[in-house]
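Visitor:
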Amino acid sequence: IHVERVEQKMDQHVYEEYIAILKEELVPALGCTEPIAIAYAAAKAREILGKLPEEIVVSCSGNIIKNVKAVIVPTTGDLKGIETSAILGAVGGNAEKKLEVLVDVTDEDLKITRELLKKKICHVELLEGVSNLQIIVELKAGEDTALAEIAFSHTNIVRLEKNGKEMEADSAASTDRTLLNLKDIYEFAQTVKIDEIKDLIDRQLAYNMSIAKEGLTKSYGANVGATILKYYGDDVRNRAKALPAAGSDARMNGCVLPVMINSGSGNQGMTVSLPVAVFADYLFADKEKEYRALVLSNLVAIYQTNELGKLSAYCGAVSAATGAGAGIAYLHGADFDTIAETITNTLANVSGIVCDGAKASCAAKIASSVDAAIMAYYMAAEHRGFQSGEGLVKKDVEATIKSFGRMGREGMRSTDVEILKIMLEP
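FYI, in this note's numbering the residues of the sequence shown are 610 to 1035.
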């Protein structure tokens, strides 16, 4: 199979938007992004309040509650939950660092946080009828109050208030995701000027490989990554599954190393990048080809998330692994049709994996999804795949991506509600 080089020059506006999308999405985060988003909102509100809060009220959407419940808040060692995230963000958070808001937390900050947790100063409320990603943090101290609200993405502050008066909010700039489609993504991956994305991709690889190695060499969570290598062997396919799983092992269980995220998720950031890097090394791919494969992988994942929406009952590891499968196919010299078939084959297999919150088992879901993506490419390389009319597979890859996106966004809405109800039962 040989890569088809695209001769037509890509539309300059689309090209520039794709660069902007990558820069907007591929950013560092310390810890699971949902508790970190709460900490960020709390740090922003504390910045406005100007003093330590005596009372905190955190109101958030069900998907935020679902993804904060079972992961350790980084820098705390063993503390979990919305209350920890909010109090620590208000006590020791640095709002300027955004998704690395807790990077400067001190031992004294942790001591104060534990004391305030014992005093039960934080109250949590469920927001209904809002976006899947919605957080309102209200702080009170004496007669003074401060409020910060985040919606739609993890650092997108849509409302700031002090003593009931609205202040100017620093909402995140938004790129035009409606321009995303697979043909343009494929063309962009082949034609992008490497020096425009090199630093971004280098940082993604360095951060994500570092935390993966941490997860392989130390005990975190269920040690899914290390288990794969011990019992399945150390070949390229198993390493491609084990590294992102190990990174998730570490990240879900308190590791203080940062990751480069994709689609608002560190787990997805590791899943789109590490399997591609493993295969690039195995195939002795030159660095330019690896960069282009990683650009393809990242954008394919972002494209699917744009169809799905952030935070739902649809496991994000699936869309990220689908991106990785496209990148792996590209490294093997696959043409557009083979890459498209790889995407379709992956989605037709594992799109039913549900998200029941961020936790240790995310690592296993990553491994299963990457395994499906690798098999999907091998099938596509043999011109074998799932056909239009079989389940949610449609006549072409664009329609298929939209089909699975609709299923996750609309069809799994009631599933999402029921998952939350079950998780909140004693």
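Glycine residues also receive a C-beta, built at the ideal position from the N, C-alpha and C atoms.
What you are looking at is a predicted structure, and each value in this text was computed from that prediction instead of being measured.
Please state the DSSP three-state secondary structure of V682.
Guide: coil
Visitor: Hey, how far is the Cα of N676 from the Cα of L940?
Guide: 34 Å
Visitor: Inspect the CB distances between the stretch 837-857 and the stretch 980-987 and report whether three or more fall short of 8 Å.
Guide: Yes, since at least three Cβ pairs between the stretch 837-857 and the stretch 980-987 fall closer than 8 Å, the two stretches touch.
Visitor: Do A929 and Q877 come within 7 Å of each other at the CB atom, strictly closer than that value?
Guide: yes
Visitor: Among the residues of its own chain, which have a CB less than 7 Å from the CB of G567, if the five just before and after it don't count?
Guide: Residue 567 is absent from the structure shown; the chain starts at 610 and stops at 1035.
Visitor: Return yes when the Cβ of R812 is within less than 7 Å of the Cβ of M879, no when it is not.
Guide: no
Visitor: Is the beta carbon of G671 closer than 7 Å to that of L1029?
Guide: Contact annotation: L1029 and G671 have beta-carbon atoms nearer than 7 Å.
Visitor: Measure the beta-carbon distance from T693 to T722 and round it to whole angstroms, keeping in mind my assumption that it falls under 8 Å.
Guide: Contact flag correct, Cβ pair sits at about 7 Å.
Visitor: On the three-state DSSP scale, how would you describe A829?
Guide: A small correction: the amino acid at residue 829 is Tyr; Ala does not occupy that position in the sequence shown. It is coil, neither helix nor strand.
Visitor: Check the DSSP bridge columns for P867 and list the partner residues they point to.
Guide: Paired residue(s): none; P867 is not in a bridge.
Visitor: What does the Cβ neighbour count give for H992, buried or exposed, with the cut at 16 atoms within 10 Å?
Guide: By the 10 Å Cβ count, H992 comes out exposed.
Visitor: Using only the alpha-carbon positions, how far apart do I806 and E999 sit?
Guide: 38 Å
Visitor: What does the alpha-carbon distance come out to for the pair G1020 and V1002?
Guide: 15 Å
Visitor: Compare the C-alpha of Y795 against each of V845, S872, M1016 and Y627 and name the closest.
Guide: For the residues V845, S872, M1016 and Y627, the minimum Cα distance to Y795 belongs to Y627.
Visitor: Can you give me the Cβ contacts of H611 inside the same chain, cut-off strictly under 6 Å, excluding the 5 residues immediately before and after it?
Guide: Confidence in H611 is poor, its pLDDT being 46 and thus under 50, which makes the residue's placement unreliable; the coordinate value appears in the next sentence. If we look at H611 and ignore the five residues flanking it on each side, its Cβ neighbours are G942.
Visitor: Give the DSSP-derived three-state secondary structure of S874 in the structure shown.
Guide: In the three-state reduction of the DSSP assignment, S874 falls in the strand class, which pools E and B.
Visitor: Can you tell me whether DSSP reads R993 as helix, strand or coil?
Guide: coil
Visitor: So, helix, strand or coil for V979, using DSSP?
Guide: helix
Visitor: So which of C964, R901 and G659 has the shortest CA-CA distance to N933?
Guide: First, the residue type needs correcting, since residue 933 is Ala and not Asn in the sequence shown. The shortest C-alpha separation from A933 is found at R901.
Visitor: Less than 7 Å between the C-beta atoms of N1042 and E1007, yes or no?
Guide: The chain is shown only over 610 to 1035; residue 1042 falls outside these bounds and no answer can be derived.
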